[in-house]
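In the numbering used here, the protein residues as written are 107 to 273.
Shown next as structure tokens:
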């Protein structure tokens, strides 16, 4: 794995969209990239994965690229690659390395999860009480039960205590 960065913004919010269930994370980060004024500031190359690029609107999208929106101080990691189960820890290590290189003020991971209901809902998980209050006020439900797997689970297991304290 190789992380390439040509810019290091100061204290941005990091938004990550893993291409999981329903491609919710991938679609969400793609929407942000297309609707915010962003510049590509880096990419992550995974030697362990089958190489993939996507051609979109006449341009090439890397398997994992880092974009930056200066106006809102947001960094976005957009994945084109499907993260296979043997890649979850490698992807989490790459995100952890990115976090060490750029001091993020907050990390938001967007993911689709299975639901027993036919209703589409916005749910979230955090062990930070101030974040819980802030997001609940926006109308999202606190996830009480569920399973998080893949690279997001690996990332949470590696970094949960480091990045979500109330201190």
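The C-beta atom is built at its ideal place from N, Cα and C for all residues, glycine as well. Please read all numbers here as calculations on a predicted model, not as lab measurements.
Open item on the list: Quick check: the stretch 211-218 against the stretch 131-140, are at least 3 beta-carbon pairs closer than 8 Å?
Closed with: Pairwise C-beta distances place the stretch 131-140 in contact with the stretch 211-218, as three or more of them are shorter than 8 Å.
Task: Residues bridged to residue 149 [DSSP beta-bridge criterion] - done: Beta-bridge pairing by DSSP links residue 149 to 110 and 171.
TODO: Can you grab the Cα-Cα spacing for the pair residue 169 / residue 246, in whole Å?
DONE: Taking the straight line joining both Cα atoms gives about 30 Å.
- [ ] From the DSSP output, in three-state form, read off residue 279 for me.
- [x] The chain is shown from 107 up to 273; residue 279 falls before or after that span and cannot be answered.
TODO: Give the single residue among 166, 181 and 239 whose Cα lies nearest to the Cα of residue 147.
DONE: It is 181.
- [ ] Quick one: grab the DSSP three-state call for residue 187.
- [x] Shown here, residue 187 sits in coil according to DSSP, grouped into three states, outside any helix or strand.
TODO: Hey, could you find the ends of the beta strand (DSSP E) residue 212 is sitting in?
DONE: For residue 212, the uninterrupted beta strand (DSSP E) segment begins and ends at 212-216.
TODO: Take the Cβ of residue 124 as the centre, count every other Cβ of all protein chains shown within 10 Å, and call the residue buried at 16 or more, exposed below.
DONE: When all chains shown are included, residue 124 counts as buried.
Task: Residues near residue 261 in its chain [Cβ-Cβ closer than 6 Å; skip 5 each side] - done: Around residue 261: 198 and 201.
TODO: Can you say whether residue 272 is buried or exposed, counting buried as having 16 or more other CB atoms within 10 angstroms of its CB?
DONE: Low confidence applies to residue 272: its pLDDT is 41, below 50, so where it sits in the model is not reliable, and the reading given next is rough at best. The residue is exposed, with fewer than 16 neighbouring Cβ atoms inside 10 Å.
Task: Buried/exposed call for residue 187, threshold 16 Cβ in 10 Å - done: Residue 187 is buried by the Cβ-count criterion.
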